[in-house]
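Okay, so here's the structure we're looking at.
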Amino acid sequence: MSGDGRSGRLVIAVDGPAASGKGTLARRLSAHYGLPYLDTGLLYRMVARAMLDAGHDIRDAAAAERIVASFDQAGFAEETLRGREIGEAASVVAAMPAVRKGLIERQRAFAAQDEGAVLDGRDIGTVICPEAPAKLFVTATPEVRAARRHRELAGRGEAATFEGILADIRRRDARDSGRSDAPLKAAEDAVILDTSALTVEEAVAAAVTIVNARRRG
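Numbering (the UniProt record's numbering), first residue to last: 1 to 217.
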């Protein structure tokens, strides 16, 4: 089974909430299958970063729409796109229909590469690549996700409490799931992968098994 009917193509859509492990899984699947990988969340973080750098109110939808139409993906250092502040800002920007609409074609163009691709985000299986043969919805409990994010931030030297991060995650879950345009949800044909009790290697093995089963039809 191919990604869109072209023989040999494979498109893998990996969706899920913040800190569920979807990015790690998507990168590992990219390496395993030799496919290009796109963290689509970085696109929203780029828009948010450009908004903040320009001094715009992060809820200014008109300013965000102007930025989406012209920003250069190569113009951002990845280290400026990480951290709690930019993650929260990106979640606000991602709820804007004009922003989501403006980024759709960038994501679909990436997925249309000859060999296929691996994309992770919030609406890959439902909106960006609804015809992808392999769809995973990666999740974990809010407490497990908060603990993961706390370790990640502590490793970068960022001060944050577990309680504060857990509150952030619950707020983002509510915003992402409740938005009117492309809400966070599993595609009807996605396989749910709960990583709460899995090691990284166990989660990767489970994901590869899921993808291989989908490829066989």
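All C-beta atoms in this analysis are idealised placements derived from N, C-alpha and C, irrespective of residue type, glycine included.
- L103 is positioned such that its CB atom lies closer than 8 Å to that of L43.
- About 7 Å separates the Cβ atoms of L29 and V211, confirming a contact at the 8 Å cut-off.
- Shown here, L29 sits in a helix according to DSSP, grouped into three states.
- Taking all protein chains in view, the Cβ of P17 is crowded by 16 or more other Cβ atoms within 10 Å, so the residue is classified as buried.
- If the five residues before and after L81 are omitted, its C-beta is found closer than 7 Å to the C-beta atoms of L42, R45, M46, R49, all from its own chain and listed in chain order.
- Following the DSSP letters along the chain, one finds F137 inside the beta strand (DSSP E) bounded by residues 134 to 139.
- By the Cβ neighbour-count rule, V14 is buried, with 16 or more other Cβ atoms within 10 Å of its own.
- Note on geometry: alpha-carbon atoms of E115 and V99 lie some 28 Å from one another.
- Across the set R175, A63, H150, E79, the C-alpha of H150 shows the shortest separation from the C-alpha of G164.
- Beta-bridge analysis with DSSP links V200 to no other residue.
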